[in-house]
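First to last, the protein sequences are chains A and B.
What the first sequence shows, in this note's numbering, is residues 1 to 127, in sequence order.
What the second sequence shows, in this note's numbering, is residues 128 to 254, in sequence order.
Backbone N, C-alpha and C fix where the C-beta goes; we use that ideal spot for every residue, glycine too.
Report on one structure; see the data block that follows.
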Amino acid sequence: MSGSNRPMSPHLQVYRPQLTSVLSITHRATGVGLAMGTVFLVWWVMAAAAGPDYFAYVKNIMSSWVGLLILLGFSWAVFFHLCNGIRHLFWDAGYGFELETAYKSGWVTLVGSAALTAIAWAFGLSR
Amino acid sequence: MSENSMRTNLGRVRGLGSAKEGVHHWWMQRLTAIALVPLILWFVASLAGLAGAGHTETVEWLGSPLVAIAMILMVVATLYHAALGVQVVIEDYVHHEGLKFFWLIAVKFIFLIFGMAAVFSLLKLAL
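Structure below.
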């Protein structure tokens with residue numbers, strides 16, 4: 001088969017990263033991360049049901065600086081996946097495919113997820 | 128539809144395709160996504176409001192009926208959405224048939240167990 005002149009599908013190693021492709025892979029990466037992170041959600045709820053002693057033990061782990069760092073990462077991943085997910089839902093409905101719009105919504109996703117993360121932590125830390 | 132198509136009229140009307148499940152996976156991923164937009168915003172805002180809360184305060188919050196109902200909806204939608212998403216990631220990246228089969232089953236089991244554990248804990252706290 002002489003396929004030498006055919007267009008090739010993009011190989012990640014030689015393909016220049018663009019905002020759209022980077023956000024796409026980040027969406028999947030945050031999705032997998034959050035799926036694994038559900039173990040913390042379940043753990044927290046089970047700890048609450050287990051009683052005061054075990055809850056205090058889990059709370060100590062989660063409010064250590066490593067725990068807070070992980071929670072910071074999760075909160076950003078949640079907001080990113082949420083913002084970019086809404087972007088995907090608009091695409092599913094048939095809107096926002098123009099190159100300019102796709103880039104604009106991409107930047108809104110990036111800035112929006114950072115802003116929402118900052119607001120959530122400012123609110124939480126002020127408590 | 129071309130006249131040369133090998134598909135039967137019944138097959139076309141059913142619209143289930145060769146995988147025999149049509150757009151069910153795709154549609155459930157979107158339904159759970161739409162449900163999760165308000166649920167996750169509510170949950171993250173509530174978590175920020177609960178920052179540093181001890182067992183008594185947390186259990187009191189989780190124990191109120193409206194919170195319990197919203198929490199169960201959030202947890203179930205999240206785990207369902209995660210199971211559907213991780214399934215696609217496995218189908219895309221795990222090429223060894225046996226391993227793929229193993230992980231597809233394992234992921235379904237893991238998220239089902241997570242869901243049972245979380246819902247049981249939430250009901251225990253609320254009832």
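Residues in its own chain within less than 7 Å of residue i by CB, not counting five upstream and five downstream?
| i | result |
| --- | --- |
| residue 19 of chain A | 103, 106 |
| residue 235 of chain B | 210 |
| residue 242 of chain B | 202, 203, 206 |
| residue 44 of chain A | 58 |
| residue 186 of chain B | 252 |
| residue 113 of chain A | 76, 79, 80, 83 |
Using a C-beta to C-beta distance shorter than 9 Å, which residues of chain A count as neighbours of residue i?
| i | result |
| --- | --- |
| residue 203 of chain B | Here the premise fails: no neighbours, minimum Cβ distance about 11 Å. |
| residue 217 of chain B | Within 9 Å Cβ-Cβ: nothing; residue 217 of chain B doesn't reach chain A, min ~10 Å. |
Listing by chain order, which chain B residues have their CB less than 9 Å from the CB of residue i?
| i | result |
| --- | --- |
| residue 75 of chain A | 171, 174, 175 |
| residue 46 of chain A | 244, 245, 247, 248 |
| residue 55 of chain A | 181, 182, 185, 186 |
| residue 89 of chain A | 157, 160, 161, 164 |
| residue 85 of chain A | 160, 163, 164 |
Kindly indicate which residue of the options has the alpha-carbon position closest to the one of residue i.
| i | options | result |
| --- | --- | --- |
| residue 109 of chain A | A:85, A:94, A:45 | A:85 |
| residue 161 of chain B | B:137, B:192, B:204, B:176 | B:204 |
| residue 72 of chain A | B:199, B:178, B:215, B:194 | B:178 |
| residue 251 of chain B | A:47, A:53, A:56 | A:47 |
| residue 195 of chain B | B:173, B:212, B:225, B:214 | B:173 |
| residue 93 of chain A | B:227, B:170, B:154 | B:154 |
| residue 168 of chain B | A:111, A:127, A:116 | A:116 |
| residue 23 of chain A | A:95, A:127, A:122, A:82 | A:82 |
| residue 55 of chain A | A:69, A:121, A:40, A:8 | A:40 |
| residue 217 of chain B | B:189, B:231, B:151 | B:231 |
Within its chain, find whatever has a CB closer than 6 Å to the CB of residue i; leave out the 5 residues flanking it on each side and keep chain order.
| i | result |
| --- | --- |
| residue 36 of chain A | none |
| residue 159 of chain B | 204, 207, 208 |
If the cut is a Cβ gap below 7 Å, which residues of chain B does residue i touch?
| i | result |
| --- | --- |
| residue 31 of chain A | 212 |
| residue 25 of chain A | By Cβ distance, chain B contributes nothing, its closest Cβ being about 11 Å from residue 25 of chain A, past 7 Å. |
| residue 28 of chain A | 216 |
| residue 35 of chain A | 209, 212, 213 |
Per DSSP, what kind of secondary structure is residue i in: helix, strand or coil?
| i | result |
| --- | --- |
| residue 122 of chain A | helix |
| residue 222 of chain B | coil |
| residue 187 of chain B | helix |
| residue 15 of chain A | coil |
| residue 235 of chain B | helix |
| residue 254 of chain B | coil |
| residue 135 of chain B | coil |
| residue 97 of chain A | coil |
| residue 33 of chain A | helix |
| residue 67 of chain A | helix |
| residue 5 of chain A | coil |
| residue 150 of chain B | coil |
| residue 174 of chain B | helix |
| residue 197 of chain B | helix |
| residue 47 of chain A | helix |
| residue 143 of chain B | coil |
| residue 127 of chain A | coil |
| residue 112 of chain A | helix |
| residue 73 of chain A | helix |
| residue 212 of chain B | helix |
| residue 179 of chain B | coil |
Any C-beta of chain C sitting closer than 8 Å to the C-beta of residue i?
| i | result |
| --- | --- |
| residue 142 of chain B | The question asks about chain C, but that chain is absent: this structure's protein chains are A and B. |
Going along the chain, which residues of its own chain have a beta-carbon closer than 8 Å to the beta-carbon of residue i, five neighbours each way excluded?
| i | result |
| --- | --- |
| residue 26 of chain A | 80, 84 |
Can you name the residues of chain B whose CB is closer than 8 Å to the CB of residue i?
| i | result |
| --- | --- |
| residue 115 of chain A | Per Cβ cutoff of 8 Å: no residues; residue 115 of chain A is ~13 Å from chain B at best. |
| residue 125 of chain A | 178 |
| residue 38 of chain A | 205, 206, 209, 238, 241 |
| residue 82 of chain A | 163, 164, 167, 168 |
List the residues of chain A whose Cβ lies closer than 7 Å to the Cβ of residue i, in chain order.
| i | result |
| --- | --- |
| residue 152 of chain B | Near residue 152 of chain B there are no residues of chain A at all, since even the closest Cβ is about 14 Å away, more than 7 Å. |
Sufficient close CB pairs (3 or more, under 8 Å) joining the region 240-251 of chain B to the region 193-202 of chain B: yes
Segment contact, 8 Å Cβ cut-off, at least three pairs: the region 11-18 of chain A with the region 132-145 of chain B: no
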